[in-house]
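Accompanying notes for the structure given below.
In my numbering, the protein residues as written are 598 to 786.
Have a look at this one:
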């Protein structure tokens, strides 16, 4: 299942919304600093930091979470995605790209993890727990038990727009969670 145009659009909108929220929080913080001399300062949102091996000690770079999420969701098998630990940027390599790939011994780059059939099956099972419509749930369970579970699952989802939207939102949230966990493991290496 390749990442669809609609998923890319949703990721873009989500990133835009996140940046708008960050700007709103920044304006609110500035307003409170200028106009209040009492009370506790507002809580600042957490920023995901990417560990780096070549930057000064205790320094970190903000990761491109949207790029990481798109890289994780891409299952074309054609593009290799790497995280540059120094800049936080996601780098893509196409199959016929002549530029050299990062070496596995180079700690600056980390290969972005991909999805597997096992993780896809697990996602489908967990999503089924969120479905309340008994008839739809029954059809989805039947689709997951078939030989072409992924294709049949998507076909059944295609008959219910609300469930299809819920599935893609669920997948995006799962991808975000996996990327967050992966970044934590990078911090330990």
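Glycine included, every Cβ here is placed at the ideal spot set by N, Cα and C.
All values reported here derive from a predicted model rather than from experimental measurement.
Original post:
Could you give the distance in angstroms between the alpha-carbon of residue 730 and the alpha-carbon of residue 608?
Top reply: 27 Å
Subject >> Cβ-Cβ separation, residue 620 to residue 772 (assumed contact under 8 Å), whole Å >> reply: In fact, because the Cβ distance is near 25 Å, the residues do not count as touching under 8 Å.
**OP:** For residue 751, write down the residues that DSSP places opposite it in a beta bridge.
**Re:** Answer is none; residue 751 lacks a bridge partner.
**OP:** Might you give, ordered along the chain, the residues of its own chain that have their beta carbon closer than 6 Å to the beta carbon of residue 664, omitting 5 neighbours on each side?
**Re:** Result list for residue 664: 687, in chain order.
Subject >> Residue(s) in a DSSP beta bridge with residue 761 >> reply: Beta-bridge pairing links residue 761 to no other residue.
Original post:
Should residue 628 be labelled buried (16 or more other beta-carbon atoms within 10 Å of its own) or exposed?
Top reply: exposed
**OP:** Kindly indicate which three-state DSSP category residue 688 falls into: helix, strand or coil?
**Re:** Look at residue 688 here: in three-state DSSP terms it is strand.
Subject >> Identity of the residue in 751, 758 and 670 nearest residue 769 by Cα >> reply: 670
Original post:
Which same chain residues, not among the five before or five after residue 726, have their C-beta less than 8 Å away from its C-beta?
Top reply: none
Original post:
Taking Cβ positions, are residue 750 and residue 741 nearer each other than 8 Å?
Top reply: yes
Original post:
Name the DSSP bridge partner or partners of residue 732?
Top reply: Looking at the DSSP assignment, residue 732 forms no beta bridge with any residue, so it has no partner.
Subject >> Alpha carbon of residue 625 to alpha carbon of residue 610, nearest angstrom >> reply: 22 Å
Original post:
Any idea if residue 668 is buried or exposed, counting beta-carbon neighbours within 10 angstroms, 16 or more meaning buried?
Top reply: buried
Original post:
For the alpha helix (DSSP H) that residue 715 lies in, which residues bound it at each end?
Top reply: 714–725
Original post:
Ends of the alpha helix (DSSP H) at residue 707?
Top reply: No alpha helix (DSSP H) contains residue 707, which is instead part of the beta strand (DSSP E) from 706–708.
Subject >> residue 738 to residue 682 span [Cα, whole Å] >> reply: 41 Å
Original post:
In chain order, what residues of the same chain have a beta carbon less than 6 Å from the beta carbon of residue 710, not counting five sequence neighbours either side?
Top reply: 779
Original post:
Which residues share a DSSP beta bridge with residue 677?
Top reply: Looking at the DSSP assignment, residue 677 forms a beta bridge with 690.
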